[in-house]
Structures are given as C-alpha cells and as structure tokens.
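I have placed the structure first, in the form of structure tokens, so that the comments after it can refer back to it.
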Amino acid sequence: MKYEIKPIGIIHTPYKTKEDCPIQGQEKPEGKGKIELFPKYVDGLYTLETFSHLIILYLFDRAGEVEMQRKPYVPRFDHRPDANNGWLEGKTFRPKPDGRE
C-alpha cells in the first residue's frame, strides 16, 4: 500500500540543522516558529478563530535514515534507567519521518 501526501504549507523555525534543534521545545522557548500556508489553501481557514485547538500534522523532511538507539535519552526519566525500557524516544532519531514511533 502506498500513500501520497501533498503539503499545504511549510513550517519555518530558527533552526538550520538537526543538531541546533532542542530535544524538547521547552528547552528553548525563545525558538518560535511560523507556519506558512500556501495561498491556495488560505480560504480553508476562514472559521479558524472559532476553534479552541488546532492539530497540525507534519513530516520531518530532513529526517534522513532511521537510526534506532538501545537507550533513548529522556531527561525527566534519567534518574530511573529502567523507566526508558522501550519507545520513549526523546532524540531526533525516530522510526518514521512524521515523528511517530
């Protein structure tokens, strides 16, 4: 089975490389990004202000090859080494380019 995804916009951030990105956004709250919607889709947001939340699906277009790690880095659990036993992946190496695990 094959799916085709067509982007309707682009997300801009102040980060130029994967190494520049924080592991968690709360580590660099000053690093705000911006979502640019392509002009032909703008009219689809005419009722946006009536919603309390917005769900944004995105792909990491520069994710590269998948690299699995045996021990993920999750700062809040580091004091309990066995708590990371599984898929609590906090690094930028993720199995799927959309960020899902």
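Once you know that position 85 of the sequence shown is 445 in the numbering used here, the rest is easy, because the numbers rise by one and skip nothing. Cβ atoms here follow ideal geometry from the backbone N, Cα and C, with glycine treated the same way.
How big is the Cα-Cα spacing for Ile383 and Pro389?
-> Within the sequence shown, the letter at position 23 stands for residue 383. Within the sequence shown, the letter at position 29 stands for residue 389. Within the model, the alpha-carbon separation for Ile383 versus Pro389 is close to 12 Å.
Start and end of the beta strand (DSSP E) containing Gly369?
-> Residue numbering aside, residue 369 sits at position 9 when the sequence shown is read from its first letter. Per DSSP, Gly369 belongs to the beta strand (DSSP E) from 369-372.
Among all the DSSP beta bridges, which residues are the ones paired with Leu397?
-> Along the sequence shown, read from residue 1 onward, the residue named residue 397 stands at position 37. BP columns for Leu397 point to Gly369.
Selection from Glu425, Leu419, Gly424, Ala423 that minimises the alpha carbon distance to Glu364 = Sequence index remark: in the sequence shown, residue 364 carries index 4 (1-based). When each option's Cα is compared against that of Glu364, the closest is Leu419.
Who are the Cβ neighbours of Ile371 in its own chain at under 7 Å, not counting the five residues just before and after it?
-> As a first step, residue 371 must be located in the sequence shown, where it is residue number 11. Hits under 7 Å: Gly393, Ile395, Tyr418.
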